[in-house]
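In what follows, a single structure is set out as structure tokens and then discussed.
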Amino acid sequence: MRAGLMLGMSPGAIAGIIVAVILGIFLLAAIGGFRKVRQATAVVVERLGKYHKTLGTGLKWVVPIFDRALPSISLKEQVADFRPSEVITKDNVKMMIDSVVFFQIVDPRLYTYGIERPMQAIENLTATTLRNVVGELELDETLTSREIVNAKMRVIIDEATNPWGIKVHRVELRNIMPPPAIQDSMEKQMRAERERRQAILQAEGEKRANILVAEGEKQAAILRAEARKIALLTEAEGQADAIRKIVTAKPDAAYLTLQGFDALKTLADGQSTTLIVPSEIQNIAGMFASMSKVLDKTKTK
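In our numbering, the protein residues as written are 12 to 312.
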């Protein structure tokens with residue numbers, strides 16, 4: 012039936028149908044040549060098997076049949092967590108270390124054509140670099156110098172991956188696992204160090220307490236001495252004031268004789284067995300005579 016229709020059609024109609032079919036095919040191919048490239052991704056395009064261009068973000072078009080778009084490549088920073096690697100330190104200690112590499116693809120073309128299986132290459136390069144860097148350090152240096160090891164590894168790996176279109180931002184040693192015997196020794200050492208620090212702190216505290224007690228006793232002694240000094244000065248000033256008053260009053264001989272008698276009585280009442288009598292008192296009778304006169308004058312007054 013269709014063949015009959017075709018035979019019944021004029022050559023011009025047949026040519027028009029063929030042209031329409033060809034145009035339809037080309038239109039479908041043209042529509043199929045559009046590629047949507049997402050944000051932070053890139054697409055490498057090959058033309059006849061050779062690199063042609065790299066498509067950025069947006070709606071892009073490639074020539075059908077001649078061009079081929081490869082799978083999209085992420086341009087975001089990525090994290091590669093590699094398996095633990097066995098390393099030997101400078102002092103011949105074997106241990107396992109696992110590392111983490113933060114990298115970013117900065118050139119999709121070099122990443123596509125630079126090396127086969129880039130992730131495997133980065134993993135092997137990281138393990139080799141780790142062995143070389145740690146092999147130059149002793150165990151204690153490896154445990155306390157992570158930042159130095161990370162920096163050295165980042166520089167070496169970044170330089171090696173640059174021809175692959177990869178930029179290494181950071182390299183981190185996540186876990187360092189020494190042998191069990193070494194771990195036990197390290198724990199004992201840390202325990203001894205903590206006990207030593209505790210003993211030092213306790214000794215410092217006791218020393219400080221003793222110093223404070225001594226300072227307190229010193230201040231107390233100074234204050235007691237100051238108090239005694241003030242008391243003696245006050246007593247001396249009182250005596251001096253009394254003497255000044257007596258001198259100002261101009262006492263007569265009778266008053267002075269009576270005061271001398273009181274002084275002798277005070278001396279006699281003491282514990283001493285020796286009594287010194289002034290040379291001015293010639294005899295006991297004269298002394299009592301003087302005392303009688305003083306008492307008479309006192310009664311008269």
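Beta carbons are placed, not taken as given, at the ideal position from N, Cα and C, and that holds for glycine.
Three-state secondary structure assigned by DSSP to residue i
i: Lys229; result: helix
i: Asn321; result: Outside the displayed span of the chain (12 to 312) sits residue 321, for which this structure offers no information.
i: Thr100; result: coil
i: Ala51; result: coil
i: Ile126; result: coil
i: Arg185; result: strand
i: Leu148; result: coil
i: Ala26; result: helix
i: Leu306; result: Residue placement at Leu306 is flagged as unreliable, the pLDDT there being 48, under the threshold of 50; the coordinate-derived value follows with that caveat. DSSP places Leu306 in helix when its eight states are reduced to three.
i: Ala31; result: helix
Test item: CB-CB of residue i and residue j under 8 Å
i: Leu150; j: Ser156; result: no
i: Asp118; j: Gly67; result: no
i: Phe93; j: Thr137; result: yes
i: Gln89; j: Gln50; result: no
i: Tyr374; j: Ile84; result: It is not possible to answer for residue 374, since the shown part of the chain is limited to 12 through 312.
i: Thr139; j: Leu86; result: no
i: Tyr62; j: Arg128; result: no
i: Lys47; j: Leu70; result: yes
i: Pro189; j: Val104; result: yes
i: Thr77; j: Leu59; result: The residue you asked about is not Thr; residue 77 is Phe in the sequence shown. Taking 8 Å as the Cβ cut-off, Phe77 and Leu59 qualify as a contacting pair.
i: Val73; j: Thr65; result: no
i: Ile108; j: Val166; result: no
Beta-carbon separation (whole angstroms), residue i vs residue j, contact threshold 8 Å
i: Ser110; j: Val179; result: Between Val179 and Ser110 the Cβ distance is about 12 Å, and since that is not below 8 Å, they are no contact.
i: Arg79; j: Glu97; result: No, Arg79 and Glu97 are not in contact; Cβ-Cβ is about 43 Å, not under 8 Å.
i: Ala91; j: Ile133; result: 6 Å
Beta-bridge partners of residue i, as assigned by DSSP
i: Arg79; result: Glu57
i: Arg46; result: Lys71
i: Phe114; result: Gln89 and Val179
i: Lys163; result: None, per the DSSP bridge assignment.
i: Thr65; result: Val55
i: Lys240; result: In the DSSP output, where bridge partners are listed per residue, Lys240 has none listed.
i: Asp252; result: Answer is none; Asp252 lacks a bridge partner.
i: Asp169; result: DSSP lists no partner for Asp169.
i: Ile108; result: Ser96 and Ile187
i: Ile84; result: Ala53
Among the options, the one whose alpha carbon lies nearest that of residue i
i: Gln131; options: Trp72, Val112, Arg142 and Val144; result: Val112
i: Ala162; options: Leu244, Arg219, Met106 and Leu141; result: Leu141
i: Leu184; options: Met164, Lys240 and Met201; result: Met164
i: Thr172; options: Gln200, Ile126 and Asn186; result: Ile126
i: Asn143; options: Met106, Thr100 and Lys105; result: Thr100
i: Pro191; options: Glu226, Arg255 and Met106; result: Met106
i: Ile168; options: Ile193, Asn135 and Gln200; result: Asn135
i: Asp102; options: Ala231, Glu158, Ile193 and Arg239; result: Ile193
i: Ile187; options: Ala26, Pro95 and Gly27; result: Pro95
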